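Here is the structure we will look at, set down as structure tokens.
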Amino acid sequence: MMVGPRKSAAKQPPGTGTMVVRDFSDNALAQMLFGPHNSHLERIERGLGVVLNGRGNQIAISGGGASIADAVRVLDDLYALLQRQGHLESADVDGVLRMVQAGEAPVGDDRSLLTRKRRIVPRTPVQAQYLDAMDKKMLVFGLGPAGTGKTYLAVAKAVTLMMAGQVDRIVLSRPAVEAGERLGFLPGDLKDKVDPYLRPLYDALHDMLPGDQVAKKLLAGDIEVAPLAFMRGRTLANSFVILDEAQNTTPMQMMMFLTRMGENSRMVVTGDLTQVDLPPGTKSGLLDAVEILEGENDIGFVRFSHLDVVRHSLVAKIIKAYEQRKRPKS
């Protein structure tokens, strides 16, 4: 049985505040918690305005009362995550910081997704809402900028449901925006021409499953990655269906896709309405669907922002800068 951290508190000299010491039972995990050259502790210090001193299997936390309480929670949640997955990345630290600062409950096994290759946990409150929506709704729209995990989490959810036998098939689709004359100039057959648009979906699959399993399931048709045009005329039953980059659909294409849903199927539609690549004057099918369907009780809408970006921290700053420039000046 694994033993969690123990807490002791001692008063420091007057004027320096309260110091809390966390004692972690596993020395090896404690060192992972510190991070290379204490980098994880430094991220927590910057995020919460506390001072952390790690030695052996202990971390001493100094700062204001509320900040200390948040730091204790972050360290405990990260240690629990280490016990489950055996490693810790800087993105995990940033994610737990966001969850604690938002007052969200800790990420337990019930809020994580276990695939063949890794355990995936929500790293922002909105990501947690997104996973909850996929549990409760048969159709979910994930709206927001790149790097927020919209597609990645949807693929992870699809893989976990397939592994559990709750769906028979995964269908991943994207509109080929360059379809038409420009696509024809690319070398190779039709598959060679459209695969570059679908590469991000293949990448996500390989993050969840060993390569030989991906190849086997693609060959058997258990997993299908196809351009949106290939969905026409089909009824997709017992499937988890994901439409990525949906801002680049037309209203007719979006209606065609949504009406493919069959018995015991789930759909997730992801897109960023600030990155529409359609010809000028063409309305986005994603925007049209949001306007028509928002408010339907059986459909979930989850909106991400730059605060949910889980790629490099500079990506969040870039998105925030662009968002601010687009706001009307008062």
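Count along the sequence shown from 1, add 83, and you get the number used in my numbering.
Ideal Cβ positions, reconstructed from N, Cα and C, are used throughout, including at glycine.
Since the model is a prediction, treat every value here as computed from it, not as a measurement.
Determine the direct distance from the alpha carbon of residue j to that of residue i, and round the result to whole angstroms.
{"i": "residue 392", "j": "residue 358", "result": "16 Å"}
{"i": "residue 132", "j": "residue 184", "result": "12 Å"}
{"i": "residue 298", "j": "residue 233", "result": "24 Å"}
{"i": "residue 141", "j": "residue 113", "result": "8 Å"}
{"i": "residue 315", "j": "residue 384", "result": "24 Å"}
{"i": "residue 145", "j": "residue 246", "result": "45 Å"}
{"i": "residue 221", "j": "residue 111", "result": "42 Å"}
{"i": "residue 266", "j": "residue 203", "result": "Residue placement at residue 266 is flagged as unreliable, the pLDDT there being 46, under the threshold of 50; a coordinate-derived value is accordingly withheld."}
{"i": "residue 201", "j": "residue 219", "result": "23 Å"}
{"i": "residue 378", "j": "residue 119", "result": "47 Å"}
{"i": "residue 405", "j": "residue 366", "result": "22 Å"}
{"i": "residue 376", "j": "residue 124", "result": "45 Å"}
{"i": "residue 349", "j": "residue 148", "result": "45 Å"}
{"i": "residue 294", "j": "residue 302", "result": "12 Å"}
{"i": "residue 103", "j": "residue 137", "result": "12 Å"}
{"i": "residue 397", "j": "residue 356", "result": "21 Å"}
{"i": "residue 215", "j": "residue 171", "result": "24 Å"}
{"i": "residue 244", "j": "residue 157", "result": "30 Å"}
{"i": "residue 370", "j": "residue 231", "result": "19 Å"}
{"i": "residue 336", "j": "residue 372", "result": "11 Å"}
{"i": "residue 169", "j": "residue 109", "result": "12 Å"}
{"i": "residue 407", "j": "residue 300", "result": "44 Å"}
{"i": "residue 403", "j": "residue 116", "result": "30 Å"}
{"i": "residue 186", "j": "residue 150", "result": "13 Å"}
{"i": "residue 107", "j": "residue 199", "result": "29 Å"}
{"i": "residue 288", "j": "residue 328", "result": "17 Å"}
{"i": "residue 284", "j": "residue 308", "result": "7 Å"}
{"i": "residue 351", "j": "residue 338", "result": "14 Å"}
{"i": "residue 166", "j": "residue 135", "result": "21 Å"}
{"i": "residue 248", "j": "residue 347", "result": "12 Å"}
{"i": "residue 101", "j": "residue 161", "result": "22 Å"}
{"i": "residue 182", "j": "residue 143", "result": "22 Å"}
Taking Cβ to Cβ, would you say residue i is nearer than 9 Å to residue j?
{"i": "residue 340", "j": "residue 326", "result": "yes"}
{"i": "residue 130", "j": "residue 180", "result": "yes"}
{"i": "residue 105", "j": "residue 175", "result": "no"}
{"i": "residue 253", "j": "residue 324", "result": "yes"}
{"i": "residue 173", "j": "residue 122", "result": "yes"}
{"i": "residue 152", "j": "residue 127", "result": "no"}
{"i": "residue 237", "j": "residue 250", "result": "no"}
{"i": "residue 321", "j": "residue 304", "result": "no"}
{"i": "residue 228", "j": "residue 388", "result": "yes"}
{"i": "residue 332", "j": "residue 368", "result": "yes"}
{"i": "residue 211", "j": "residue 291", "result": "no"}
{"i": "residue 223", "j": "residue 217", "result": "yes"}
{"i": "residue 256", "j": "residue 310", "result": "yes"}
{"i": "residue 226", "j": "residue 386", "result": "yes"}
Using DSSP's beta-bridge definition, name the partner residues of residue i.
{"i": "residue 310", "result": "257"}
{"i": "residue 350", "result": "222 and 324"}
{"i": "residue 380", "result": "Note: residue 380 sits in no beta bridge, so no partner."}
{"i": "residue 143", "result": "104 and 136"}
{"i": "residue 385", "result": "225"}
{"i": "residue 344", "result": "319"}
{"i": "residue 252", "result": "322"}
{"i": "residue 197", "result": "202"}
How would you call residue i, buried or exposed, if buried means at least 16 neighbouring beta carbons within 10 angstroms?
{"i": "residue 286", "result": "exposed"}
{"i": "residue 264", "result": "Caution is warranted here: a pLDDT of 35 is assigned to residue 264, below 50, making its placement in the model unreliable, and the coordinate value is therefore given only provisionally. Its Cβ having fewer than 16 others within 10 Å, residue 264 is exposed."}
{"i": "residue 235", "result": "buried"}
{"i": "residue 139", "result": "exposed"}
{"i": "residue 206", "result": "buried"}
{"i": "residue 306", "result": "buried"}
{"i": "residue 312", "result": "exposed"}
{"i": "residue 318", "result": "exposed"}
{"i": "residue 282", "result": "exposed"}
{"i": "residue 374", "result": "exposed"}
{"i": "residue 381", "result": "exposed"}
{"i": "residue 342", "result": "exposed"}
{"i": "residue 330", "result": "buried"}
{"i": "residue 178", "result": "buried"}
{"i": "residue 354", "result": "buried"}
In terms of residue numbering, what span does the alpha helix (DSSP H) encompassing residue i cover?
{"i": "residue 165", "result": "148-168"}
{"i": "residue 204", "result": "Note, residue 204: premise wrong, no alpha helix (DSSP H); not H, not E."}
{"i": "residue 242", "result": "233-246"}
{"i": "residue 180", "result": "173-184"}
{"i": "residue 299", "result": "294-303"}
{"i": "residue 187", "result": "Taken as a continuous stretch (DSSP letters only), residue 187 belongs to no alpha helix (DSSP H), as it is neither H nor E."}
{"i": "residue 122", "result": "122-131"}
Starting from residue i, follow the beta strand (DSSP E) in both directions and report where the run begins and ends.
{"i": "residue 106", "result": "101-106"}
{"i": "residue 117", "result": "First-last for residue 117: 110-117, but that is the alpha helix (DSSP H), not the beta strand (DSSP E)."}
{"i": "residue 137", "result": "134-138"}
Please report whether the beta-carbon of residue i lies at a distance below 9 Å from any beta-carbon of chain B.
{"i": "residue 241", "result": "Absent here is chain B; the protein component of the structure consists of one chain."}
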